[in-house]
Every structure is written in structure tokens, then in C-alpha cells.
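Using this note's numbering, count along the sequence shown one by one with no gaps and you end on 166.
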Amino acid sequence: AKTDFDVNDKIWVFDVATGEFRAPGRITATEILLSGKSRVGPDGNLYGDVWGGWLNDFLINNYNRKNTASLGDYGWVRDESTGFIMQWGTLGSSNGTYNFPREFPTSCFAVFVTNTNQQGGSVDNAFGYPVSKSQFFAATKASTDGNVVNGYPVAWFAIGR
């Protein structure tokens, strides 16, 4: 009769002196395979100190980051792999300093401002610029008002990181 250690005339060996385990065929673990602090999960996922936990989590957190956004008339989108952020919105009246929907972590590179409607017979110029990582200035100048800064409605778009 065959035993667990003598299957099909093959012998499994554990060398006490070296700590080596040798098998003439496949070794199967039904749960988790351990090696030092590392292990192989039943789903094939690898765990180890070199990536601070499970390999699947390391790959998702470092190489497959999901973009985040707050979409709407006043919102933003962030590319998580590069940190690039686009923000946008409208102002019912301009000529002031306004908050971005979210602060740029590094800096705002530029703010683009345009008119949202026609201002009667005058030609106006909408403009804006970054004030800080969290604020921007937006206003308009109408040609019929002697190029005085005024507060017509505008739409704005900002980019940064």
C-alpha cells in the first residue's frame, strides 16, 4: 500500500540540515503559501514588504490611479497620474476675487475668462488671472464705458497642478 510520502514510487524529502523541501512533482497549497514575511494568496496575489502589502493594491495605487472629478456647471477634474487639474464655472457678475471649487495643490497656471452673453451695443473684454492656489480675479471692460472695469457675467476656465 502507498503512503502519503511514497506516492507512485516518488519520495518527498525535507532536509533538516538545510531546511530545504524537495518534491518530485507539483506542490499545492489550498489556502496561502508562506515564505518568510511574504505570502501568496489563494487568488494569486502576492504580499510582501517590498511593496508595502499586497501587490495588487500597490499596482492600483501607483500605476492605475483613477481620475477624480466634481462635474457640473461649477466643477473640476483631476488627472491622478499627473496631478493636472482643470476647473471651470460661471459668474452672474464679475469684477472681483473668487474661489476655485478646489485649491490647486501646487499652483494655478492660468485663468481664461469669456463673456456669457451679449452686453448690448458695447464691445467688452473679459479677463482674469490667478490670485493664489485657491482664488482668481475675473472682470470685464466695456468699450462704451471708457474701458472702465465692470462686472458683466462671465464664464471661466483654469488649469494647474
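C-beta atoms are modelled at their ideal positions from N, C-alpha and C, and glycine is treated no differently.
What are the boundary residues of the beta strand (DSSP E) that residue i is part of?
{"i": "residue 134", "result": "129-135"}
{"i": "residue 142", "result": "140-147"}
{"i": "residue 20", "result": "18-20"}
{"i": "residue 94", "result": "90-96"}
{"i": "residue 79", "result": "Note, residue 79: premise wrong, no beta strand (DSSP E); not H, not E."}
{"i": "residue 112", "result": "Counting along the chain, residue 112 falls outside any beta strand (DSSP E), and DSSP gives it neither H nor E."}
{"i": "residue 163", "result": "159-165"}
{"i": "residue 168", "result": "Residue 168 is absent from the model: the chain starts at 6 and stops at 166."}
{"i": "residue 25", "result": "25-27"}
Please work out which residues of its chain come closer than 8 Å, Cβ to Cβ, to residue i, disregarding the five sequence neighbours upstream and downstream, and give them in chain order.
{"i": "residue 108", "result": "138 and 139"}
{"i": "residue 132", "result": "118, 143, 144, 145 and 146"}
What residue does the alpha helix (DSSP H) around residue i start on, and which one ends it?
{"i": "residue 65", "result": "60-68"}
Pop quiz: residue i and residue j are said to be a contact at Cβ under 8 Å. What is the actual Cβ separation, rounded to whole angstroms?
{"i": "residue 161", "j": "residue 81", "result": "At roughly 12 Å, the Cβ-Cβ gap does not stay under 8 Å, so residue 161 and residue 81 are not in contact."}
{"i": "residue 129", "j": "residue 103", "result": "Not really, about 18 Å apart at Cβ, beyond 8 Å."}
{"i": "residue 154", "j": "residue 119", "result": "Not confirmed; about 16 Å, so no contact."}
May I ask you to report which of helix, strand or coil DSSP gives residue i?
{"i": "residue 153", "result": "coil"}
Keeping to the same chain, check which residues put their C-beta closer than 7 Å to that of residue i; ignore five residues upstream and five downstream.
{"i": "residue 38", "result": "44 and 45"}
{"i": "residue 28", "result": "17"}
{"i": "residue 73", "result": "83 and 85"}
{"i": "residue 71", "result": "85"}
Sort the options by Cα distance to residue i and report the nearest one.
{"i": "residue 54", "options": "84, 66, 48 and 41", "result": "41"}
{"i": "residue 111", "options": "105, 75, 88 and 31", "result": "88"}
{"i": "residue 30", "options": "20, 21, 15 and 23", "result": "15"}
{"i": "residue 142", "options": "24, 113, 78 and 19", "result": "113"}
{"i": "residue 77", "options": "67, 21 and 106", "result": "106"}
Leaving aside the five residues before and after residue i along the sequence, list all residues of the same chain whose C-beta is less than 6 Å from its C-beta, in chain order.
{"i": "residue 149", "result": "127"}
{"i": "residue 117", "result": "162"}
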